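Take a look at the structure below.
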Amino acid sequence: MDHGHMDHRGHGGAMDDMCSMDMLFTWDTTNLCIVFRQWHVRSTVSLVFSLVAIVLLAMVYEALRSLSRRFEASQNRRLAEMPRQHRVQASRRAHVIKALLYALQNFYAFMLM
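If you use the numbering used here, the sequence shown corresponds to residues 683 to 795, in order.
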């Protein structure tokens, strides 16, 4: 049976809207997905907005890193001024907060990568 005359464009119609899988540098802005499939670039304008969004995400990441460093420095100063018997409990609480900040930082970093 010859199927050469059949047009398969009507089967779902979503093939034109799939994410492209270009692994090398490309100037093609159509069907580009950033981070998630839902963040789909379909035009040059949406690419520009996506680039601005990525810059903002990177700025938030750097702010989170700065917050983490400032929190650690303030906790170190605070622990140094505390009586020895209260340091263990305060140190545990600070350690949990630092661990959460670290986890959030790493999640953010992998998302941006």
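Think of the CB as a built atom: it goes at the ideal place given N, C-alpha and C, for glycine as much as any other residue. Computed from a predicted model, the values in this text were never measured in an experiment.
Can you tell me the Cα-Cα spacing of residue i and residue j, whole angstroms?
i    : j    : result
Y784 : Q757 : 15 Å
L746 : T711 : 30 Å
S773 : I779 : 10 Å
What residues are listed by DSSP as bridge partners for residue i?
i    : result
L714 : V723
Which two residues bound the contiguous alpha helix (DSSP H) that contains residue i?
i    : result
L706 : Careful: L706 lies outside any alpha helix (DSSP H) and carries neither H nor E.
S773 : 766-794
Could you check whether the Cβ of residue i sits closer than 8 Å to any heavy atom belonging to the ligand FMN?
i    : result
D699 : Questions concerning the ligand FMN fall outside what the structure shown contains, since it holds no ligand whatsoever.
Apart from the five residues just before and just after residue i, which ones in its own chain have a Cβ nearer than 8 Å to its Cβ?
i    : result
C715 : C701, S702, W721, H722, V723
Return the Cβ separation of residue i and residue j in integer angstroms, given the expectation that the two are a contact with Cβ distance under 8 Å.
i    : j    : result
L794 : Y743 : 6 Å
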